[in-house]
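Data first, discussion second: the structure below is written as structure tokens.
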């Protein structure tokens, strides 16, 4: 079973051999954002999308954007359908994927807006 950690991108920049990130303000806890955050800045929500960074056990990362109304199952299916080249060992089914967010495995029926 492949486990991917999903984390909203909060001003993080990943480059070859270097990594920088900005600290997320406390009001962004658990991926919830005020309407003031939707117009840019360090918010992982950009208008009508939520940007997620997937991190697998090897340390490889992939970034994707989704609609807040999408379910975790839809996110898994999208990831499986376009499996990143830098991710080893593609699973054969969405049931083989588990998404971890802030220490909790996400339920397939949950939406990104509910994170």
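Numbering (the working numbering), first residue to last: 3 to 117.
Backbone N, C-alpha and C define an ideal beta-carbon position, used for all residues, glycine too.
Below 8 angstroms between beta carbons: does that hold for residue i and residue j?
i	j	result
residue 99	residue 114	no
residue 55	residue 63	yes
residue 108	residue 58	no
By Cβ distance below 7 angstroms, which residues in the same chain neighbour residue i in space, the five residues on each side in sequence not counted?
i	result
residue 79	96
residue 60	90
residue 94	none
residue 84	none
Please check if any C-beta of chain C sits within less than 8 angstroms of the C-beta of residue i.
i	result
residue 116	Judged by its chain identifiers, the structure shown contains no chain C, having just a single protein chain.
Mind checking which residues open and close the alpha helix (DSSP H) that includes residue i?
i	result
residue 81	74 to 83
May I ask which residues mark the beginning and end of the beta strand (DSSP E) holding residue i?
i	result
residue 56	51 to 58
residue 68	63 to 68
residue 99	99 to 103
For residue i, which residues from the same chain have a beta carbon less than 6 angstroms from its beta carbon, with the 5 sequence-adjacent residues on both sides left out?
i	result
residue 66	54
What number of angstroms, rounded off, separates the C-alpha of residue i from the C-alpha of residue j?
i	j	result
residue 102	residue 110	12 angstroms
residue 106	residue 117	11 angstroms
residue 112	residue 86	23 angstroms
residue 118	residue 50	The structure shown has nothing for residue 118, since the chain only spans 3 to 117.
Any 3 or more C-beta pairs closer than 8 angstroms across the stretch 63 to 70 and the stretch 90 to 108: no
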